[in-house]
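Chains as they are written, first to last, in my numbering: chain A, 304 to 855; chain B, 94 to 310. Using N, Cα and C, we set each Cβ at its ideal position, and we do this for glycine too.
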Ligand SMILES: [Cu+2]
């Protein structure tokens, strides 16, 4: 991207955002999107390890067909805790509130988000909901599953459904306000010359995500409010005793919760587009198509929710429509995969850690997507519904896909965020372990599901044991792969080499300012004059550091 | 006072006040889109049951107090007019009329809430309040109860929104009196106006869903 009339900040002359103020007040009352991004990073990391602890206990229990580690009731609470925490307290906020918060204004050349105080409020709402979540876990948890289906949640649940629903409700408003802020910022605060089709794909991805956040989350909020009232009053709109319809709850729930998957995966696609372009040193193939694909996934994603309900007795005709729409959403998804591959074609590829994570994403997302088509097929779903096949499918998308991309982005932008380089070899090791551990954990679950093992049981027939042991063994590799970055990224904060303003020779406005960026991002507002991903000819990069040189 | 107003500067992230004002309005529009879906979830539930239990909903709706609903509709529509007049006065930079029109708007909002409260008492006397006092005269009691649950959820949620609106309008009146809009920058007023009109519009939909349906023939 060519930038004129713009002078990079001299790190000695200008305080960066970390040194602009000290003390707890300068953080808790900050309106700087970069600091708020870091604070969100702290919050979601905390919940990632809580959700991970529940997953660990689940995998330990399933080592043994009799499931002797925990009682069935405890098992119900564990998978509910795992689902609620991972979906709302990690996966949905992960990329948008951390990397999105930090980089959206930088990438469009703005000084901050449109509503900085609202952004801080989002963080406080998130933590308030987090406190409610920790509360419901400490007092004994919930046994409904993350889906809160009525009448189980309203009449028959023995857990603390009300605080759990309240936690998700408040969390939703944090999500809505973040999305609102991102949409308005993208519309109004782009730097001069930053037209819509000069936006980096990460910005497009965050924009599409925000649309889904703003339009889907309120429906979940209303649904959970109605469910909570039903539990509180003992009578309600979904109560079959007075003619209410529990399936209506499921429709409303999935109207949010299917698009919620796109809240998780669209930002990941944005990150991967940035990373692949940088480490293939080529413009993203079919840039406009990629932007349109993001938007169409966001829109079509609103009309497929019924595929979660094929076996509830819904009419065959609506089943056919929902199945068809689910196939349609695969088209823009496939366009994205083909375009990433085309970007790699004849690129000058280096396998740095962010690239390894990104390539892992492409493989895992493709696997998760194609198996999504299997469960979107009406007849196949009768066999596979509520089995481990579904579990494996959505973990390939949400964990294999989103978490890999989250780590890709974290490594890629780490020098910009902290001003330090991470140790490359350790990072590559973590990336490879993530991919390996993930496949070991979840591929066996496709087989388990196909063989008929249902989800949400704490015990199972002995013939399934070998696949379950394989899966639990893989999970231990995955755990190491997730803890490892915590260690070496933490180490790099103190001992990592200082990063220049653009260690990867990447394009994009965020690399044009110093690392870490100054308080208001740019010393002078940049002016953009060309399309993104204008990577130069390989020849002009002959003076790069040795590790970045072409391997002839 | 006017000097302070003249020195009004945009916040750090904006180039000028015009950009700041337009951005604030866009923010409110997006928020209202969220609100549409928030109320929409409940209205979708209503419509599903309205189609399933058509006759019972007709029977239930006949028990609603239509005269209060109608008067309240007139009250809120009038309040939207006074709200717009306040914004017009701000555009003309006339301080006193802004204050008067805003206070009139807030007062109409309070009248609505007062009438609504009285209507709830009437509903209680008609024995159509689920959980507290519910003995429907006509129709299948279960389906009738679904109607009344919707009625209370929807109107209470609307009342909460209206209360927030009244507080905002009152706050704007205080700011107007102190001369905050004298310099011709009145985007906050427009943003509150947008919100007010939305709350008003929601009521129009609720009125249509609740009061006339059992009486149309
Ligand atoms: Cu889905």
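Leaving aside the five residues that flank residue 336(A) on each side, the residues in its chain whose CB is nearer than 7 Å to its CB run, in chain order, 404, 405, 408, 415, 416, 419 and 422. Contact check for residue 401(A) and residue 355(A): beta-carbon distance about 17 Å, past the 8 Å limit, so the pair fails to qualify. Between the stretch 189–208 of chain B and the stretch 486–499 of chain A, the count of C-beta pairs closer than 8 Å stays below three; the two stretches do not touch. Against residue 547(A), the close residues of chain B are 239, in the order they occur along the chain (beta-carbon pairs closer than 7 Å).
Residue pairing by DSSP places residue 690(A) opposite 757(A) in a beta bridge. With respect to chain A, the C-beta atom of residue 236(B) has a partner C-beta closer than 7 Å. Per DSSP, reduced to three states, the secondary structure at residue 827(A) is coil, with no helix or strand assignment. The Cβ atoms of residue 319(A) and residue 806(A) do not sit closer than 7 Å to each other.
A Cβ-Cβ distance of about 7 Å is found for the pair residue 692(A) and residue 678(A), placing them in contact under the 8 Å criterion.
Chain-order list of chain B residues neighbouring residue 415(A): 105 and 106, by C-beta distance under 8 Å. Ligand 1 approaches residue 561(A) closely enough that one of its heavy atoms is under 6 Å from the residue's Cβ. Per DSSP, residue 670(A) is one residue of the alpha helix (DSSP H) stretching across 656–679.
The three-state secondary structure of residue 362(A), taken from DSSP, is helix. Near chain B, meaning a CB-to-CB distance below 9 Å, no residue of the stretch 701–731 of chain A qualifies.
Nearest in C-alpha terms to residue 399(A), of all of 347(A), 358(A), 542(A) and 453(A), is 347(A). Within chain A, the C-beta atoms nearer than 7 Å to that of residue 123(B) come from 483, 486, 487 and 517, in chain order. Look at residue 158(B) here: in three-state DSSP terms it is coil, with no helix or strand label.
Between the C-alpha atoms of residue 824(A) and residue 816(A) there is a straight-line separation of about 7 Å.
In the structure shown, residue 821(A) falls within a strand segment according to DSSP collapsed to helix, strand and coil.
Rounded to whole angstroms, the gap between the alpha carbons of residue 234(B) and residue 767(A) is 50 Å. One thing to note: residue 468(A) has its Cβ no nearer than 7 Å to the Cβ of residue 513(A).
In the structure shown, residue 491(A) adopts helical secondary structure according to DSSP, grouped into three states. With a threshold of 16 other beta carbon atoms within 10 Å, residue 688(A) meets it and is buried. Straight-line spacing of the CA atoms in residue 104(B) and residue 125(B) works out to 23 Å. Contact holds between the stretch 505–523 of chain A and the stretch 597–617 of chain A, because three or more Cβ pairs, one in each stretch, are under 8 Å apart.
Contacts between residue 120(B) and chain A, judged by CB atoms closer than 7 Å, involve 417, 418, 483 and 487 in chain order. Rounded to the nearest whole angstrom, the CA to CA distance from residue 183(B) to residue 190(B) is 8 Å. With contacts defined as CB atoms closer than 7 Å, residue 812(A) and residue 839(A) fail to qualify as a contacting pair.
Taking the C-beta atoms as reference points, residue 650(A) is found nearer than 7 Å to residue 585(A). Under a 10 Å Cβ-count criterion, residue 786(A) is classified as exposed, with fewer than 16 other Cβ atoms of the shown protein chains found around its own Cβ. Judged by beta-carbon spacing, residue 551(A) lies within the 7 Å limit of residue 141(B), meaning their Cβ atoms are closer than that value.
When the Cα atoms are used, residue 204(B) and residue 165(B) turn out to be separated by approximately 8 Å. In this structure, residue 557(A) lies away from residue 471(A), with their beta-carbon atoms at least 7 Å apart. Remark: C-beta atoms of residue 724(A) and residue 800(A) approach each other more closely than 7 Å.
With respect to the C-alpha of residue 193(B), the residue from 202(B), 186(B), 293(B) and 175(B) having the closest C-alpha is 175(B).
Using a Cβ-Cβ distance cut-off of 8 Å, the stretch 269–276 of chain B and the stretch 220–231 of chain B are not in contact, since fewer than three pairs of beta carbons, one from each stretch, lie closer than that value.
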